[in-house]
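Asks: Quick one: the structure is below, questions incoming.
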Amino acid sequence: VGKTSIQEFTPKKAGKYKFSCWMGMVTGTIEVVN
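Offset between the sequence shown (1-based) and the numbering used here: plus 2.
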């Protein structure tokens with residue numbers, strides 16, 4: 003709790019990518035555009 007974690011990824015195409023914590027309790031979406 004209270005820690006920052008930076009994760010990097012290189013998407014191959016535009017679109018929406020869902021993510022969550024390992025327990026699935028905190029979720030979000032990253033939208034990649036050209």
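Ideal Cβ positions, reconstructed from N, Cα and C, are used throughout, including at glycine.
What you are looking at is a predicted structure, and each value in this text was computed from that prediction instead of being measured.
Does DSSP classify Phe21 as helix, strand or coil?
Replies: Locating residue 21 in the sequence shown gives position 19, counting from the first residue. In this structure, Phe21 counts as strand in the three-state DSSP scheme.
Asks: Report the option in Lys20, Trp24, Gln9 and Gly26 whose CA atom is closest to the CA atom of Val34.
Replies: Here residue 34 refers to the residue found at position 32 when the sequence shown is read from its first residue. Checking every option, the nearest Cα to that of Val34 belongs to Lys20.
Asks: Nearest-angstrom Cα distance between Lys15 and Asn36?
Replies: By one-based count along the sequence shown, residue 15 stands at place 13. By one-based count along the sequence shown, residue 36 stands at place 34. So the alpha carbons of these two residues sit roughly 8 Å apart.
Asks: Would you report the Cα separation of Ser22 and Glu10, rounded to the nearest angstrom?
Replies: Indexing the sequence shown from 1 puts residue 22 at position 20. Indexing the sequence shown from 1 puts residue 10 at position 8. Those two C-alpha atoms are separated by around 14 Å.
Asks: Among Trp24, Met25 and Lys18, which one has its Cα closest to the Cα of Thr31?
Replies: Within the sequence shown, residue 31 is the residue found at index 29, counting from 1. Checked all of Trp24, Met25 and Lys18; the closest Cα to Thr31 is Lys18.
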